[in-house]
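Numbering (this note's numbering), first residue to last: 431 to 786.
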């Protein structure tokens, strides 16, 4: 009820003002008195005619692409006739007079029906004006809304254009910075490969690893493992430049090289083994085993636990791997890790058969 009153409050105020105006005009100026019931019923008929003409006759006929003008004329004539008859019969019933046949109507009856006919036309004109004013404001509101949406779309396109320009600038900066870095590393290598061959080799391996990492960042979501296997070997060579007594058995076959998985899994595990594991025992080296069996790809790493180091960073690296596996493979991948006696083991299994 509150919503109805809120939506139609101006209609109620307008009708109340109009009825008060006519009551003052008729009762106080023209000295014509009628019962309250008579006023209420006649105004109910008038208001009903007003909204039927505006909402149904004009509303339905003029909203279509091809307005039905003939239908409007016919329906309007029918409205006026029905209104006149209903108003006459209502007045007769309220005055408790006998309803007489049309051939026995008196002059007074004809005068009443004429005035009622004019009053019906009077309300139809008001109804027509109301419909066109309402349509004007509705169209104006719709035009304003469309203009607002057009402006918002234009601003959105400008924002997208600006973001695209920023992205292009960021991409160009990302190209310039690595380009400068690799040029510097090349210069260092060329300057030291004769005087400090071990340092030069370290720079060469580092350059390859960094280039691969950047390619992975801007490359496809999954890649053949072959390139990463070569980078693991580069990483081990780089580490042996600094630490010659580094022992890791890296086991894989040609079948695993062509397997496509998300990049940097193998490289991250190897880097963490070198950083946190004890790989200095030639009789008990670390192991990296990469296999593909029956559609299941697996990476297993095992190394002696280095009890003198803090392995917090390793847990962070494993959590990053876990998140990447979940986002790419969801339930088709699993990772387990933890100490087993004197060893720390990590096992990653990916079900390749369900990859689309």
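Glycine included, every Cβ here is placed at the ideal spot set by N, Cα and C. A quick note: this is a predicted structure, and the numbers were derived from the prediction, not measured.
1) Do you know offhand how far residue 474's Cα is from residue 442's?
2) Taking the alpha carbon of residue 488 as the point to measure from, which residue in 573, 470, 554 and 737 has its own alpha carbon closest?
3) Going straight from the alpha carbon of residue 786 to that of residue 656, what length do you get?
4) Scan the segment 475-516 and note each continuous alpha helix (DSSP H) run of 4 residues or more that stays entirely inside, going in chain order.
5) If you scan the segment 687-755 from start to end, which runs of the beta strand (DSSP E) of 3 or more residues do you find wholly inside it?
6) What residue from 771, 783, 769 and 765 has the CA that sits closest to residue 371's CA?
7) Let me know if residue 748 comes out buried or exposed under the rule of 16 or more other beta-carbons within 10 Å of its beta-carbon.
8) Under the DSSP definition of a beta bridge, which residues are partnered with residue 683?
9) In angstroms, rounded to a whole number, what distance separates the CA positions of residue 639 and residue 661?
10) At what residues does the alpha helix (DSSP H) containing residue 663 begin and finish?
11) So residue 615 and residue 636 are in contact, right, with Cβ under 8 Å, and what is the actual spacing, rounded?
12) Taking the C-alpha atoms as reference points, what is the distance between residue 708 and residue 735?
13) Compute the Euclidean distance between the alpha carbons of residue 448 and residue 485, then round it to the nearest angstrom.
14) Could you tell me which residues DSSP pairs with residue 777 in its beta bridges?
15) Are the CB atoms of residue 716 and residue 659 within a distance shorter than 8 Å?
16) Can you list, in chain order, the residues of its chain with a C-beta nearer than 7 Å to that of residue 628? Leave out the 5 residues immediately preceding and following it.
17) Spell out a yes or no on whether the segment 544-559 and the segment 505-519 are touching, meaning 3 or more CB-CB pairs, one atom from each, closer than 8 Å.
18) Check residue 678 in the structure and name its three-state DSSP category.
19) Rounded to whole angstroms, what is the Cα-Cα separation between residue 694 and residue 779?
20) Work out the CA separation of residue 503 and residue 438 for me, nearest whole Å.
21) Please classify residue 446: does DSSP put it in a helix, a strand, or coil?
22) Should the segment 683-693 be called in touch with the segment 715-730, which here means at least 3 C-beta pairs below 8 Å?
23) To the nearest angstrom, report how far apart residue 501 and residue 558 are at their CA atoms.
24) Flag this pair as yes or no: are the beta carbons of residue 480 and residue 556 separated by less than 8 Å?
So, from the data block:
1) 13 Å
2) 554
3) With a pLDDT of only 41 at residue 786, under 50, the local geometry of the prediction cannot be trusted, and the value read off the model is given with reservation. For residue 786 and residue 656, the distance between alpha carbons rounds to 21 Å.
4) 489-492
5) 716-723 and 726-735
6) The question about residue 371 has no answer, for the chain in this structure spans 431 to 786.
7) buried
8) DSSP lists no bridge partner for residue 683.
9) 6 Å
10) 656-672
11) At roughly 7 Å, the Cβ-Cβ gap stays under 8 Å, so residue 615 and residue 636 are in contact.
12) 6 Å
13) 20 Å
14) 730 and 766
15) Their beta carbons are not under 8 Å apart, which means residue 659 does not touch residue 716 by this criterion.
16) Taking residue 628 as the centre and dropping the five residues before and after it, the same chain places the C-beta of 671 closer than 7 Å to its C-beta, in chain order.
17) yes
18) Here residue 678 sits in strand by DSSP.
19) 15 Å
20) 29 Å
21) In the three-state DSSP reduction, residue 446 falls in the helix class (H, G or I).
22) In this structure the segment 683-693 lies against the segment 715-730, because at least three pairs of beta carbons, one per stretch, are closer than 8 Å.
23) 15 Å
24) yes
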